[in-house]
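**Student:** The structure's right below; bear with me while I get my questions together.
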Amino acid sequence: MTRPQNVSERPEQPAPDYVRGHDLLEGKVVVVTAAAGAGIGAAVVRRVLEEGAKAVVFSDTHARRLAEAEQALAEEFGGDRVRQLVCDVTDEAQVGALLDVADELGGVDIMINNAGLGGTANVLDMTDEQWLKVLDITLTGTFRCVRAAGQRFVASGTKGVIVNNASVIGWRAQEGQAHYAAAKAGVMALTRCAALDLAPHGIRVNAVSPSLAMHPFLAKVTSDELLHELKQREAFGRAAEPWEIANVMVMLASDYASYMTGEVVAVSSQQA
1 MTRPQNVSER
11 PEQPAPDYVR
21 GHDLLEGKVV
31 VVTAAAGAGI
41 GAAVVRRVLE
51 EGAKAVVFSD
61 THARRLAEAE
71 QALAEEFGGD
81 RVRQLVCDVT
91 DEAQVGALLD
101 VADELGGVDI
111 MINNAGLGGT
121 ANVLDMTDEQ
131 WLKVLDITLT
141 GTFRCVRAAG
151 QRFVASGTKG
161 VIVNNASVIG
171 WRAQEGQAHY
181 AAAKAGVMAL
191 TRCAALDLAP
201 HGIRVNAVSP
211 SLAMHPFLAK
221 VTSDELLHEL
231 KQREAFGRAA
241 EPWEIANVMV
251 MLASDYASYM
261 TGEVVAVSSQ
271 QA
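Per the UniProt record's numbering: the sequence shown = residues 1 to 272.
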């Protein structure tokens with residue numbers, strides 16, 4: 001098959017059958033943020049359903065796309081296993097409302113924090129507004145979700161799991177990315193420290209750190225030239241598929257990672 005020349009026209013590559021359906025999350029109630037599109041969040045929702053989750057509650061700030069995603073997933077996996085709610089992670093009340101939906105389904109067992117915001121701005125020209133917006137969504141938003149889920153776990157006596165989405169840019173320098181890199185480095189530090197705070201309650205906290213994961217929004221906002229350059233830095237000479245990142249998040253959420261906490265797992269070859 002001829003590969004599209006324009007990266008933005010590249011079709012989504014689904015996960016092969018052999019990575020699906022091992023019941024790794026059987027009976028679990030999973031909450032996923034920023035999952036209405038076609039990126040990592042959406043791939044995580046699909047993978048947790050394929051792995052036998054009792055139900056998944058997923059959120060985003062785009063009501064129409066959420067409703068469309070819920071309808072499609074309900075048709076495939078059953079309406080009793082899929083719920084969605086608009087949630088802005090910069091609003092503590094909305095984060096609480098998201099977890100209230102999970103309570104209606106038996107209570108959250110796994111919290112997957114995927115919400116984040118990027119952007120490109122030279123540090124000399126970056127405004128306070130640009131800096132604060134990226135930090136509030138990417139870092140403080142993750143903190144709000146970690147705190148809220150952790151409080152629910154402790155209150156219910158649940159030995160829950162939290163998985164955060166960081167980025168290799170939290171380890172390495174890239175021009176124009178001071179706000180995003182600082183936020184993702186903060187997510188890594190938050191993960192390590194929260195893991196120690198929650199360990200006495202039997203709660204695990206880990207993170208994944210992807211490099212380049214291909215999805216339509218990235219293709220839309222990034223030139224083909226830059227995407228080609230970024231892909232050349234990868235060991236396999238290509239971007240990751242969203243489901244390849246989701247697979248690692250599912251593993252961290254499962255009992256296969258029962259002794260892992262406070263870890264940031266690089267899903268790439270570019271830790272440094």
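Ideal placement from N, C-alpha and C gives every residue a C-beta, glycine not left out. A quick note: this is a predicted structure, and the numbers were derived from the prediction, not measured.
Can you check the stretch 52-117 for any alpha helix (DSSP H) of at least 4 residues that lies completely inside it and give the ranges in chain order?
**Tutor:** Counting only runs of 4 or more, we get 63-77 and 92-104.
**Student:** Quick one: using the 10 Å Cβ neighbour count with 16 as the cut-off for buried, is CYS145 buried or exposed?
**Tutor:** Label assigned to CYS145: buried.
**Student:** Thinking C-alpha only, which one of VAL89, ALA93 and GLU70 is nearest THR140?
**Tutor:** Measuring from the Cα of THR140, the nearest candidate turns out to be VAL89.
**Student:** Three-state secondary structure (DSSP) at VAL267?
**Tutor:** The answer is strand: DSSP assigns VAL267 an E or B state.
**Student:** From the DSSP output, read off the bridge partner residues of PRO210.
**Tutor:** Partner(s): VAL267.
**Student:** Are the stretch 226-236 and the stretch 251-267 touching by the rule of at least three beta carbon pairs closer than 8 angstroms?
**Tutor:** Contact between the stretch 226-236 and the stretch 251-267 is absent, because fewer than three Cβ pairs lie under 8 angstroms.
**Student:** If I measure Cβ to Cβ from THR142 and keep anything under 6 angstroms in the same chain, skipping five residues before and after, which residues do I get?
**Tutor:** Excluding residues within five positions, the ones whose Cβ falls inside 6 angstroms are ASN113, ASN164 and VAL187.
**Student:** Inspect the beta-carbon positions of ALA253 and ALA207 and report whether they are closer than 8 angstroms.
**Tutor:** No.
**Student:** Please state whether DSSP places ALA42 in a helix, a strand or coil.
**Tutor:** Reduced to three states, the DSSP call for ALA42 is helix.
**Student:** Excluding the 5 residues preceding and the 5 following ALA15 in the sequence, name in chain order all residues of the same chain whose CB lies nearer than 6 angstroms to its CB.
**Tutor:** Excluding sequence neighbours, ALA15 sits near TRP243.
**Student:** Taking ALA53 and LEU25 to be in contact with their CB atoms under 8 angstroms, please state how far apart those CB atoms are, rounded to whole angstroms.
**Tutor:** Their Cβ separation, rounded to whole angstroms, is 5 angstroms, which keeps ALA53 and LEU25 in contact under 8 angstroms.
**Student:** Given that a residue counts as buried once 16 or more other Cβ atoms are within 10 Å of its Cβ, and exposed if not, what is ARG172?
**Tutor:** Exposed, by the Cβ-count rule.
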